[in-house]
Each structure stands twice: as C-alpha cells, then as structure tokens.
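Student:
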Amino acid sequence: MLVHPPQARQPHPPTPPFDAAAARRLRVALGMAPEHVAHTMRSSYGLPHVTPDLVIDWEGGAATPRPHELTALAGVLWCAPGELIGAPRTLREHRLARGLAQEDVADAVGLELLAYVRMEEADAWRGNDRQSAALAEVLQLSLPDFVTVTGRGGRLAQLLRGAVTTRWQAYVRQVGKMLPLKRPLVEDVLEEMHADYQGRMTATLNWGAGSAAADAGEAGRDYLDRVVEIFWETVERNS
739 MLVHPPQARQ PHPPTPPFDA AAARRLRVAL GMAPEHVAHT MRSSYGLPHV TPDLVIDWEG
799 GAATPRPHEL TALAGVLWCA PGELIGAPRT LREHRLARGL AQEDVADAVG LELLAYVRME
859 EADAWRGNDR QSAALAEVLQ LSLPDFVTVT GRGGRLAQLL RGAVTTRWQA YVRQVGKMLP
919 LKRPLVEDVL EEMHADYQGR MTATLNWGAG SAAADAGEAG RDYLDRVVEI FWETVERNS
C-alpha cells in the first residue's frame with residue numbers, strides 16, 4: 739500500500755505592522771463597540787472566528803490581524819488598509835498599505851504573477867530598472883523606502899560608512915550611481931556627514947585619558963549603526 743508522507747504545514751505569510759492605536763481611534767470615532775466590529779466582520783466578510791475579544795486583543799497589541807483580516811477590518815472601519823498599518827518595511831507591507839492585490843502590482847510592473855509572488859515571499863526584489871521605476875510608482879514609494887524595498891539598503895550603508903570614516907570624495911560617484919540624486923547634493927551631504935562623524939570622534943577623544951577611547955568607540959558605533967538614517971535626514975535638510 740502506498741503511503742503518502744504527511745504534508746508539511748505551510749507557514750502563515752508575515753503580517754504587516756499593525757497600528758493598534760489607529761484601529762481603536764477609528765472605531766471610537768465611528769461610535770462602534772468591539773461587538774459591532776466583530777459582528778460586521780462575521781456577517782459581511784465571512785470571518786466567523788472574529789469575536790469581540792479578538793478585536794480587543796488587536797487594539798491592545800496582544801494579537802495582530804492577518805492580511806485578510808486587516809482588509810476586512812479596514813472595510814468595517816471605513817478606511818484604507820494603509821491607515822491601519824504602521825510604517826511599512828517590506829515589499830508585501832507596502833503593497834498591503836496601498837490596498838493592492840499581488841495581481842495588481844505584477845501587472846503594473848510587467849511581471850508574471852508567479853515571479854512577483856516569489857519575490858514578495860522572499861522579500862527580494864529582482865526587477866530591472868524599468869520594472870523598479872514602475873514599482874516605485876504603483877506603491878508610491880519614497881526614495882528611502884525604494885532603496886529598502888529593492889534591497890539596496892545594505893550596500894548604501896556600506897558606502898556611507900566608508901565615506902564618513904575615510905575620504906568622502908571617493909564615494910560620491912558610487913552613491914550618486916545608486917541614487918537619483920544630483921551630484922552637488924551628494925557631495926554636500928557626504929562632506930557634512932564626514933565632518934560630523936570626525937568631529938564627534940575628535941571631541942570625544944579630547945575629553946581626556948581613561949575612558950575616552952571606549953567612549954569614542956561607542957559614539958562611533960552608534961553613528962555608523964544609524965548612518966543610513968542620518969544620510970536621509972541630511973539629504974532632506976540640504977534639499
């Protein structure tokens with residue numbers, strides 16, 4: 739007798755970052771109780787497992803709605819799914835924040851659906867320049883979000899760390915090639931960041947002997963850990 743091995747359970751897809759406070763605020767503004775939300779999700783959206791206690795757990799941060807639950811909850815609360823999502827991080831989260839189906843994004847960027855789904859599941863964008871531009875448009879990505887979603891954040895961090903710790907001039911071309919920013923802006927930002935980092939290190943070392951070296955090392959590590967965040971802040975300030 740042929741015995742089939744048991745099928746491995748497929749993991750649930752990752753849930754988007756849920757903004758619990760926004761969900762509660764929208765519900766209260768509509769004059770709805772958790773019972774009303776749960777009832778509508780059961781009767782209108784075919785989710786029989788949703789109870790008032792589950793709604794309370796969502797709003798209290800004890801549980802997170804899965805994508806199909808979040809879409810239904812947004813419908814009940816008369817808002818876009820993006821209003822119930824915290825800052826999106828991944829390709830999937832940005833799509834959900836815009837209330838788009840996978841088919842919508844795949845069609846907009848010119849990819850076969852299966853190819854797009856695989857990229858989303860792996861959180862690894864593999865599109866060409868034309869498809870990347872289309873992705874930025876359909877998901878309304880800011881430049882920092884675009885860099886993160888397309889997997890360029892690590893490379894950018896590496897370049898910026900080199901720029902602030904060595905000669906910033908040597909990194910202008912590489913950063914400019916990666917990002918659609920004007921060269922003078924890139925030069926100004928890298929020069930400012932280099933001066934900021936070096937100034938902090940010099941000031942810390944001038945505090946005196948003893949723990950100065952350790953303090954300088956800690957200050958340097960903190961700056962380098964936040965180097966991409968500092969870069970975007972500096973770009974915005976200089977734009």
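Going by our numbering, the letters in the sequence shown line up with residues 739 to 977, in that order. Even glycine gets a Cβ: it sits at the ideal position worked out from N, Cα and C.
(1) Can you give the Cα-Cα distance for Gly865 and Met857, rounded to whole angstroms?
(2) Could you tell me whether the segment 896-904 touches the segment 957-974, where touching means 3 or more Cβ pairs closer than 8 angstroms?
(3) Would you kindly check if the distance between the Cβ of Phe884 and the Cβ of Ala874 is under 7 angstroms?
(4) Looking at C-alpha atoms only, which residue of Val814, Arg763, Asp791 is the closest neighbour of Thr778?
(5) Which one of Leu808, Gly848, Arg975, Gly784 has the shortest CA to CA distance from Arg836?
(6) Would you report the Cα separation of Gly937 and Leu877, rounded to the nearest angstrom?
(7) Have a look at the DSSP bridge pairing and note the partners of Ile823.
(8) Taking only three categories from DSSP, how would you classify Glu930?
(9) Across the segment 844-852 and the segment 811-829, are there enough close Cβ pairs to call them in contact, namely three or more that are closer than 8 angstroms?
(10) May I ask you to check if the CB of Leu877 is nearer than 6 angstroms to at least one heavy atom of the ligand ATP?
(11) Could you tell me whether the segment 920-933 touches the segment 970-977, where touching means 3 or more Cβ pairs closer than 8 angstroms?
(12) Please report how far the alpha carbon of Ala853 lies from the alpha carbon of Asp757, in whole angstroms.
(13) Determine the contact status of Pro790 and Pro772, defining contact as a CB-CB distance below 7 angstroms.
(14) Please confirm whether Pro879 and Cys817 have their CB atoms less than 7 angstroms apart.
(15) His787 by DSSP, collapsed to three states: which one?
(16) Would DSSP call Glu875 helix, strand or coil?
(17) Of all the CB atoms in chain D, is at least one closer than 7 angstroms to the CB of Ala810?
(18) Straight-line CA distance for Arg780 to Ser870?
(19) Spatial neighbours of Ala761 within its chain, please: C-beta separation below 8 angstroms, excluding the five flanking residues on both sides.
(20) Please report how far the alpha carbon of Tyr909 lies from the alpha carbon of Leu897, in whole angstroms.
(21) Roughly how many angstroms lie between the CA atoms of Glu913 and Thr972, to the nearest whole one?
(22) With DSSP collapsed to three states, give me the class of Thr886.
(23) What's the call for Ala839, buried or exposed, on a 16-neighbour Cβ count within 10 Å?
(24) So Leu881 and Leu917 are supposed to be a Cβ contact under 8 angstroms. How far apart are they, rounded?
(25) Which class does Thr904 belong to by DSSP, given the choice of helix, strand or coil?
Tutor: Let me lay it out:
(1) 9 angstroms
(2) yes
(3) yes
(4) Val814
(5) Leu808
(6) 39 angstroms
(7) Phe756
(8) helix
(9) no
(10) No copy of the ligand ATP occurs in the structure displayed, which carries no ligand at all.
(11) yes
(12) 30 angstroms
(13) yes
(14) For the record, residue 879 in the displayed sequence is Leu; it is not Pro. No, they are not a contact pair.
(15) coil
(16) helix
(17) Of the protein chains in the structure, only one exists, and it is not chain D.
(18) 39 angstroms
(19) Trp796, Glu797, Leu811, Leu815, Leu822
(20) 7 angstroms
(21) Correcting the residue type first, residue 913 is Val in the shown sequence and not Glu. Whole-angstrom Cα-Cα distance: 14 angstroms.
(22) helix
(23) exposed
(24) 7 angstroms
(25) coil
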